[in-house]
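Position one of the sequence shown corresponds to residue 1 (UniProt numbering), numbered consecutively onward. In this text, a Cβ means the ideal position worked out from N, Cα and C, and glycines have one as well.
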Amino acid sequence: SGRKVVLVDTPGFDDSRDGRTDTEILRKISEFMISEYDQHRKLNGSIFFHRMSDPRFGGQSRRSLRIFRELCGAATFKNVVVLTTFWDRVNEQEGLAREEELKSNSNFFKDLVDGGARFIRHDRENNGARQVLDHIFTLVPTTVQIQKEIWEEGKSLEEIAAGSAQREEINRMVAKHKKEMDDLNIEI
1 SGRKVVLVDT
11 PGFDDSRDGR
21 TDTEILRKIS
31 EFMISEYDQH
41 RKLNGSIFFH
51 RMSDPRFGGQ
61 SRRSLRIFRE
71 LCGAATFKNV
81 VVLTTFWDRV
91 NEQEGLAREE
101 ELKSNSNFFK
111 DLVDGGARFI
121 RHDRENNGAR
131 QVLDHIFTLV
141 PTTVQIQKEI
151 WEEGKSLEEI
161 AAGSAQREEI
171 NRMVAKHKKE
181 MDDLNIEI
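Now the structure itself:
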């Protein structure tokens, strides 16, 4: 169609293979987003990948989704695609039930769906990727929450909502480990 497309693949917040922390990943994403904003470029869409083969939506997945929500902001959920993958590793009934739970449960993607996010299945064929791009091309480019907070409101990374979500998670983990240490000291 003659359109220029730029796809940016960011590390997942649960990707510790290269030793980067979630905070470092958030900082890199923030730097990129501000660079785009500085050049007057808006995003047509954001894609959140979810493996249907994962039997549970565990703690790290929830943390990643929470940070993603805060990066985007509720006003841009309509520009989000939840791309579900690995459908070939689950039976159809199980996959459909899991997908419905992801869409309807407030612990998962319900707020994104309510805000206009679209679920698209990727079946390892080109038509899945093409379907995502075709949908994103219909969306009005927008400024995401992190760009508004840093550029327009002058907040630092530590002050933005996504940074706050990350900080809250760190504080929760510290409190949990402190309690575990206290419990061990009581046993000794």
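Residue i and residue j closer than 8 angstroms at C-beta
i, j, result
"residue 84", "residue 135", "no"
"residue 115", "residue 57", "no"
"residue 150", "residue 34", "yes"
"residue 63", "residue 13", "yes"
"residue 130", "residue 86", "no"
"residue 142", "residue 79", "yes"
Inter-residue Cα distance where the pair is residue i and residue j
i, j, result
"residue 101", "residue 54", "13 angstroms"
"residue 147", "residue 112", "19 angstroms"
"residue 119", "residue 39", "30 angstroms"
"residue 72", "residue 186", "44 angstroms"
"residue 95", "residue 89", "9 angstroms"
"residue 27", "residue 127", "33 angstroms"
"residue 23", "residue 156", "13 angstroms"
"residue 99", "residue 139", "23 angstroms"
"residue 4", "residue 25", "26 angstroms"
"residue 133", "residue 49", "14 angstroms"
"residue 6", "residue 124", "20 angstroms"
"residue 183", "residue 60", "25 angstroms"
"residue 20", "residue 67", "16 angstroms"
"residue 65", "residue 153", "24 angstroms"
"residue 97", "residue 179", "37 angstroms"
"residue 18", "residue 107", "29 angstroms"
"residue 93", "residue 36", "42 angstroms"
"residue 137", "residue 41", "15 angstroms"
Residue i classed as buried or exposed, judged by whether at least 16 other C-beta atoms fall within 10 angstroms
i, result
"residue 32", "exposed"
"residue 70", "buried"
"residue 91", "exposed"
Nearest residue (CA-CA) to residue i, options the options
i, options, result
"residue 8", "24, 156, 18, 43", "43"
"residue 117", "18, 104, 125, 52", "104"
"residue 45", "183, 52, 153, 144", "144"
For residue j and residue i, believed in contact at Cβ under 8 angstroms, the rounded distance
i, j, result
"residue 81", "residue 29", "Not a contact, Cβ separation roughly 17 angstroms."
is_contact[residue i, chain D] using C-beta, thresh 8 angstroms
i, result
"residue 86", "The structure shown contains no chain D, having only a single protein chain."
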